[in-house]
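>
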Amino acid sequence: MYESFFGLSGKPFQLNPDPDFFYGSRGHKRAMAYLEYGLHQGEGFIVITGDVGAGKTTLVRNLLRRIPAETIIAAQIVSTQVDADDLLRLVAASFGLEHAGTQKAALLVQLEQHFRALHAEGRRALLVVDEAQNLSPRAVEELRMLSNFQVGTRSLVQSFLVGQPEFREIMQRPEMRQLKQRIIASYHLGPLDRAETQAYVEHRLRHVGWQENPAFIEAAFDSIFAHSGGVPRRINTLCDRTLLAAYLGELHRVTAEQVEEAAAELGEETGLQDVPPGVAAIAPGPASAYTVQFAPQDADRIAQLEDRVALLEASTSMTYGMLKKVLAALRARNARRVADEEPSE
Numbered sequence: 001m002y003e004s005f006f007g008l009s010g011k012p013f014q015l016n017p018d019p020d021f022f023y024g025s026r027g028h029k030r031a032m033a034y035l036e037y038g039l040h041q042g043e044g045f046i047v048i049t050g051d052v053g054a055g056k057t058t059l060v061r062n063l064l065r066r067i068p069a070e071t072i073i074a075a076q077i078v079s080t081q082v083d084a085d086d087l088l089r090l091v092a093a094s095f096g097l098e099h100a101g102t103q104k105a106a107l108l109v110q111l112e113q114h115f116r117a118l119h120a121e122g123r124r125a126l127l128v129v130d131e132a133q134n135l136s137p138r139a140v141e142e143l144r145m146l147s148n149f150q151v152g153t154r155s156l157v158q159s160f161l162v163g164q165p166e167f168r169e170i171m172q173r174p175e176m177r178q179l180k181q182r183i184i185a186s187y188h189l190g191p192l193d194r195a196e197t198q199a200y201v202e203h204r205l206r207h208v209g210w211q212e213n214p215a216f217i218e219a220a221f222d223s224i225f226a227h228s229g230g231v232p233r234r235i236n237t238l239c240d241r242t243l244l245a246a247y248l249g250e251l252h253r254v255t256a257e258q259v260e261e262a263a264a265e266l267g268e269e270t271g272l273q274d275v276p277p278g279v280a281a282i283a284p285g286p287a288s289a290y291t292v293q294f295a296p297q298d299a300d301r302i303a304q305l306e307d308r309v310a311l312l313e314a315s316t317s318m319t320y321g322m323l324k325k326v327l328a329a330l331r332a333r334n335a336r337r338v339a340d341e342e343p344s345e
């Protein structure tokens, strides 16, 4: 909506991960170096963790598009609450193999045959597992078993595990001991600092042809960093709303006050702006008249579902509020134009 007003060729702050917008902060460059090191080693597991919105998916997609297809066949899956057998089906599907109705033993044979065929062609398989914190211990064990596929001393498949910070805690459990022994590198992707936050914003703007319209004053970047905590996804959300407000106000300069107003609006609409990254805000409701006992794993799954519902509700509320403001601004602008065009008596 505001792109043409500011002379931009596209949306600079879209939320969907796009490797074309990859910004190499110190942390992201280091994480990329670990991934490339893992590729060079050609075995074991590489673990990358980071808060929600830290840029893990963009990082992985940036790596995947740089991988030479003639030497490495890469597949990516997003882990959800699936059991071990379903995980193997996801892996088979990601490599383009038939999996419907196939039993576990047959799946393992099929996967091994596929990996051996790749090896015979001079290629190897890379599996990227996103949202790895959702993996059950049994599912993790299946991934470890896949790493046993070898020809001589060479592994046929390598895995990158990408997840939220709690995955690091999961890895400390006794049942994860065998997998830990096969991790050759691990890195936690933290937030951007103040200077990187400004560089990140300017990098995304320049990618769509920004010519300093609108111009950001220095204090605006201070405010962006203060409200986003340096988390890329939160930066995108805040900057997108700030540019929308500037467009509606026909402004060509972004100030700290405008950023503050945008942050306040987002906070009112979602209730998420002042919550630490990766934590969903859920408003307390009335106590239930019934008490239900759940197993620990069921409670965890219910909590995750509640978080997702809260985020969906917040997103819907934010979109509705934004559309109301846009409609009101457009009506006001149209009214001014009609008034200007009316002939004077």
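Here full-length UniProt numbering is used: the first residue of the sequence shown is 1, the next is one more, and so on. Glycine included, each C-beta is placed from N, C-alpha and C at the ideal position. Note that the coordinates shown come from a computational prediction; the quantities given were computed from them, not determined experimentally.
For A299 and S159, I'd like the C-alpha separation in whole angstroms.
Any reading at A299 needs caution, since the residue's pLDDT is 42, under 50, leaving its predicted position unreliable; the model's value is listed next. Between A299 and S159, the C-alpha separation is close to 29 Å.
> Using the three-state DSSP reduction, which class does Y187 fall into: helix, strand or coil?
In the structure shown, Y187 sits in a strand (DSSP, three-state: E or B).
> Terminal residues of the continuous beta strand (DSSP E) containing Q158?
Unbroken beta strand (DSSP E) run through Q158: 157-163.
> Inspect the beta-carbon positions of F167 and A132 and report whether they are closer than 8 Å.
In contact: F167 and A132 (Cβ atoms closer than 8 Å).
> Would you be able to state if there are at least three C-beta pairs under 8 Å between the stretch 185-199 and the stretch 225-232?
Output reads yes: the stretch 185-199 touches the stretch 225-232.
> Can you give me the start and stop residues for the beta strand (DSSP E) that G50 sits inside?
Residues 45-50.
> Give a yes or no on whether the minimum CB-CB distance between P17 and chain B is below 8 Å.
Chain labels in this structure do not include chain B; a single protein chain is all it has.
> Between A185, D130, A120, which lies nearest to R154 when the distance is taken from Cα to Cα?
When only C-alpha atoms are compared, the closest one is A120.
> Indicate the three-state DSSP secondary structure (helix, strand or coil) for residue 357 in the structure shown.
No information on residue 357 is available, as it lies outside the stretch 1 to 345 that the chain covers here.
> Rounded to the nearest angstrom, how far is the Cβ of I46 from that of I184, given a contact under 8 Å?
So it is a contact: roughly 7 Å between Cβ atoms.
> Output the boundary residues of the alpha helix (DSSP H) element that contains L107.
Counting along the chain, the alpha helix (DSSP H) containing L107 begins and ends at 104-120.
> Determine the extent of the beta strand (DSSP E) in which A125 is found, giving its start and end residues.
Residues 124-130.
> So, are the CB atoms of Q81 and N134 less than 8 Å apart?
Yes, the Cβ-Cβ distance between Q81 and N134 is below 8 Å.
> Please determine, among L179, R204, G163, the residue with the shortest C-alpha to C-alpha distance to H188.
Ranking L179, R204, G163 by Cα distance to H188 puts G163 first.
> Which residues does DSSP pair with Q150 in a beta bridge?
Its beta-bridge partners are S155.
> Which word fits Y23, buried or exposed, when buried means at least 16 other C-beta atoms lie within 10 angstroms of its C-beta?
That one is buried.
> In its own chain, which residues sit with a C-beta less than 7 Å from the C-beta of D240, not counting the 5 before and 5 after it?
The residues are F13.
> Going by alpha carbons, who is nearest to L111 out of F149, A100, V78, M176?
Cα-wise, what sits closest to L111 is F149.
> Please list, in chain order, all residues of the same chain as Q41 whose beta carbon is under 7 Å from its beta carbon, the five residues on each side excluded.
Cβ within range, chain order: I184.
> Given this structure, state the Cα-to-Cα distance separating residue 357 from L108, to the nearest angstrom.
Outside the modelled stretch of the chain, which goes from 1 to 345, sits residue 357, for which no answer is possible.
> Select from A246, Q211, R206 the residue whose C-alpha is nearest the C-alpha of A220.
Comparing Cα positions, the closest option is A246.
> Suppose you measure from the CA of G10 to the CA of V208; what does that come to, to the nearest Å?
Rounded to whole angstroms, G10 to V208 spans 6 Å at the Cα level.
> Relative to the C-alpha of N62, which residue among R138, L179, V128, R234 is closest?
The shortest Cα separation from N62 among R138, L179, V128, R234 belongs to V128.
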